[in-house]
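Participant: What follows is a single structure, and I will ask about it in a moment.
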Amino acid sequence: MPSQRLSVVVTRRLPEAVETRMKELFDVELRDPDTKMTRDELAAAMQRADVLVPCVTDHIDANLLAGAGEKLKLIANYGAGIDHIDVASARQRGILVSNTPGVVTDDTADMTMALILAVTRRIPEGLAVMQSGEWKGWAPTAFLGGRVGGRRLGILGMGRIGTAVARRAHAFGMQIHYHNRRRVRPELEEELEATYWESLDQMVSRMDVISINCPHTPATFHLMNARRLKLMKPTGVIVNTSRGEVIDENALTRMLRAHEIAGAGLDVYEHGTEINPRLRELPNVVLLPHMGSATVEGRAEMGEKVIINMKTFADGHRPPDLVVPGML
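Using the numbering used here, the first residue of the sequence shown is number 1, and each one after it goes up by one.
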């Protein structure tokens, strides 16, 4: 496509600087107010845009893509995850898909460590007592948590974020273990003193903390199912800052309520905002509203990557962050 002012539709409000720069470069429809588009609104946007800029709350399936207009040639996703987009169907229709990899690595890894510490050190319970005004003072046996140093951390998915989590956890004195589709480089294993497990079952049964850092794909749906969750130690903790669908949320809830698992820290949920209400009742569970990438710096960098992908496409070149079949 030759260089031109592309017609761009953005599905959610983005940082002001990002929106302003988009306005300078393209013919942009911005989203106001900041609410999720309905399916009909999304379908209409895909009829009139050259480029659609969606995010994780927009589920773009084969049926929506089948109704897309002839103009739509690029879906420039605002985010690294692309499991909410039927990329294969898009490619069949000649629609390219790009994302923003690498930007949220450190932010998400920071949040993973925050959840590990919050659950193991019972931070939310302490906050609740302070906010209620019921604290009676220090006591030798009050709010006893567990030390993270020396604990075994099992990382499910040793990509960018999993590796960043490993580096942080290693600095805290945790023992690093991981399961991945491919073994990482020997020098990285040596740096992190990391142990590779080809068998996920064997790793899960031996860990003190499990960190979910893999994407949601058909192969990872309910990877932590009821059977595998039962392999965890009763003293074990599970943390998820990746995708909620990787864990069977109902099975996890049952086991937490039965004290078959010691605790959980969750930033993502199997059914989006429809969180199992029984999870909210548990003192050994920390729930966050998908905050893993929520930093000013990270969201601005995501926007910059989206703009670079669109501008490169407008200039007739392949977007640098093009999603290709080998990534799925």
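Note that beta-carbon positions come from the ideal geometry of N, C-alpha and C, so glycine has one too.
1) Leu256 to Leu200, Cα distance in whole Å?
2) With the cut-off set at 8 Å, would you say Val9 and Ala300 are in Cβ contact?
3) Asn332 to Ile85, Cα distance in whole Å?
4) Could you check the C-alpha separation between Leu266 and Thr108 for me, to the nearest Å?
5) Let me know if Lys305 comes out buried or exposed under the rule of 16 or more other beta-carbons within 10 Å of its beta-carbon.
6) Output the distance between the C-alpha atoms of Ala251 and Lys233, rounded to the nearest integer angstrom.
7) Mind checking which residues open and close the alpha helix (DSSP H) that includes Asp40?
8) Using a Cβ-Cβ cutoff of less than 6 Å, which residues in the same chain neighbour Arg280 once the five nearest sequence positions on both sides are dropped?
9) Answer yes or no: do Pro124 and Gly303 have a C-beta to C-beta separation smaller than 8 Å?
10) Are Ala169 and Ile176 touching if we call contact CB-CB under 8 Å?
11) Can you have a look at Thr35 and say buried or exposed, based on whether 16 or more other CB atoms are within 10 angstroms of its CB?
12) I need the straight-line Cα distance from Tyr196 to Glu274, nearest angstrom please.
13) Please state the DSSP three-state secondary structure of Asn225.
14) Below 8 Å, how does it come out for the stretch 186-195 and the stretch 209-227: are there three or more Cβ pairs, yes or no?
15) Could you check where the beta strand (DSSP E) with Leu6 kicks off and where it finishes?
16) Using beta-carbon positions only, say whether Thr241 and Leu115 come within less than 8 Å of one another.
17) Tell me the rounded alpha-carbon separation between Leu153 and Ala194.
18) Go ahead and label Met130 buried or exposed: buried means 16 or more other beta carbons lie within 10 angstroms of its beta carbon, across all protein chains shown.
19) Going by DSSP, what residues sit across from Arg152 in a beta bridge?
20) Using DSSP bridges, identify the partner residues of Val28.
21) CB Arg151 to CB Val209, shorter than 8 Å?
22) Can you give the Cα-Cα distance for Asp321 and Arg91, rounded to whole angstroms?
23) In whole angstroms, what separates the C-alpha of Gly69 from that of Asp32?
24) CA-CA distance, His317 and Arg278?
25) Start and end of the beta strand (DSSP E) containing Val51?
26) Going by C-alpha distance, which of Thr312, Tyr78 and Leu192 is nearest Arg12?
27) DSSP three-state call for Asn276: helix, strand or coil?
28) Here's the rule: buried if 16 or more other CB atoms are within 10 angstroms of the residue's CB, otherwise exposed. What is Phe313?
29) Compute the distance between the beta-carbons of Met174 and Gly149, then report whether it is under 8 Å.
30) Have a look at Ala142, Leu231, Leu287 and Ser7 and flag the residue whose alpha-carbon is nearest the alpha-carbon of Gly272.
31) Pick out whichever of Phe26, Gly102, Leu65 and Lys311 has its Cα sitting closest to the Cα of Gly94.
Facilitator: On the basis of the coordinates in this document:
1) Spanning the two alpha carbons is a distance of roughly 21 Å.
2) Going by C-beta atoms, Val9 is not nearer than 8 Å to Ala300.
3) Not covered by the structure: residue 332. The range shown for the chain is 1 to 328.
4) So the alpha carbons of these two residues sit roughly 12 Å apart.
5) Buried: at least 16 other Cβ atoms inside 10 Å.
6) Between the alpha carbons of Ala251 and Lys233 lies a gap of roughly 15 Å.
7) Taken as a continuous stretch (DSSP letters only), the alpha helix (DSSP H) holding Asp40 covers Arg39 to Arg48.
8) Nothing meets the Cβ criterion.
9) No, these two residues do not count as a Cβ contact at 8 Å.
10) Against a cut-off of 8 Å, the Cβ pair of Ile176 and Ala169 comes out as a contact.
11) Exposed, because fewer than 16 other Cβ atoms sit within 10 Å of the Cβ of Thr35.
12) Glu274 has its alpha-carbon roughly 35 Å from the corresponding atom of Tyr196.
13) Asn225: coil per DSSP, three-state reduction.
14) Output reads no: the stretch 209-227 does not touch the stretch 186-195.
15) Neither: Leu6 is in no beta strand (DSSP E) and is coded neither H nor E.
16) Yes; because the gap between Cβ atoms is below 8 Å, this pair is in contact.
17) For the pair Leu153 and Ala194, the Cα-to-Cα distance works out to about 10 Å.
18) Exposed is the call here.
19) Paired residues: Gln175.
20) Paired residue(s): Val8.
21) Yes; because the gap between Cβ atoms is below 8 Å, this pair is in contact.
22) Distance from the CA of Asp321 to the CA of Arg91, rounded to the nearest whole angstrom, comes to 15 Å.
23) A straight-line Cα-Cα distance of about 23 Å links Gly69 and Asp32.
24) Approximately 50 Å between the Cα atoms of the pair.
25) Where Val51 is concerned, the enclosing beta strand (DSSP E) starts and stops at Val51 to Val53.
26) The residue with the shortest Cα to Cα distance from Arg12 is Tyr78.
27) Of the three classes helix, strand and coil, the one that applies to Asn276 here is coil, per DSSP.
28) Looking at its Cβ environment, which holds 16 or more other Cβ atoms inside 10 Å, Phe313 is buried.
29) Against a cut-off of 8 Å, the Cβ pair of Gly149 and Met174 comes out as a contact.
30) Minimum Cα distance to Gly272 is reached at Leu287.
31) Closest option to Gly94, Cα to Cα, is Leu65.
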